[in-house]
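Residue 2 is where the sequence shown starts when you use my numbering, and the numbers rise one by one after that. Idealized CB from N, CA, C, for every residue including glycine. Quick caveat, the model's predicted, so the values are computed rather than measured. What follows is one structure encoded as structure tokens, with my remarks underneath.
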Amino acid sequence: MPGYWWQCENCRPDSSFLEACGSKSIAHFIWDVLLPSSWDQSKLLLHCKNCGQQSIRITYEFPRKEKEVFRVIHIVGIGPLFDEYIPMMWETYQVGNGKGEVTLFDFKYIGKRSVWGLNKPAVFSRDDLKRLFALFCEKTGSLEFP
2 MPGYWWQCEN CRPDSSFLEA CGSKSIAHFI WDVLLPSSWD QSKLLLHCKN CGQQSIRITY
62 EFPRKEKEVF RVIHIVGIGP LFDEYIPMMW ETYQVGNGKG EVTLFDFKYI GKRSVWGLNK
122 PAVFSRDDLK RLFALFCEKT GSLEFP
């Protein structure tokens, strides 16, 4: 699988973006599905054709010396800024770390439809972080940012 794919939390088969949701890639999914839906979090959990559970999530390799695999719980972003740049915050958990589900936040960005920024950290102003945290709370139903 490439660096981003869909995987069932229950029975573990992998699916490409095209197979799982009809998008060409993670970049197309963000621009064509998440952004137009106003960051609708229900778009991040699909039904598995194998086990029938609503348990397919975006999964990705985190680029460290020893690659680690993470699964996406939530994605929110602000923008697009300058009509092409979307800084985002992804709530994730590490797959198969044996430590239970520890929630981690991964700050990423996407420029146009290139995935290059997804492996680089996003930079936020204080005001943009406030907007991002407020959007996270709104879209996830949280009363305050964790």
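Based on DSSP bridge pairs, tell me the residues matched to residue i.
i   : result
H48 : Q55
F30 : Answer is none; F30 lacks a bridge partner.
W7  : S16, I59
Please tell me whether residue i and residue j are closer than 7 Å, where the distance is taken between their beta carbons.
i    : j    : result
L130 : I79  : no
F140 : V77  : This sequence places Lys at residue 140; Phe is not what is there. Yes, these two residues count as a Cβ contact at 7 Å.
K113 : E85  : yes
W91  : V116 : no
P64  : N120 : yes
L46  : Q55  : yes
Whole-angstrom Cβ separation of residue i and residue j, contact assumed at under 8 Å?
i    : j    : result
K44  : L36  : With 8 Å as the limit, K44 and L36 do not qualify as a contact, their Cβ atoms being about 10 Å apart.
I31  : I111 : 6 Å
P151 : F125 : Residue 151 is absent from the structure shown; the chain starts at 2 and stops at 147.
I1   : Q8   : Summary: the structure shown does not reach residue 1, with the chain confined to residues 2 through 147, and so no result is reported for it.
C12  : C52  : 4 Å
Report the three-state DSSP secondary structure of residue i (helix, strand or coil).
i   : result
M2  : Note that M2 scores 46 on pLDDT, short of 50, meaning its location in the model is unreliable; the coordinates nonetheless yield the value given after this. Correct three-state label for M2: coil.
A21 : helix
S43 : helix
L35 : helix
Next on the checklist: Ignoring anything shorter than 3 residues, give me the beta strand (DSSP E) runs that lie fully in the stretch 62-143, in order along the chain.
Outcome noted: 69-78, 86-95, 104-112
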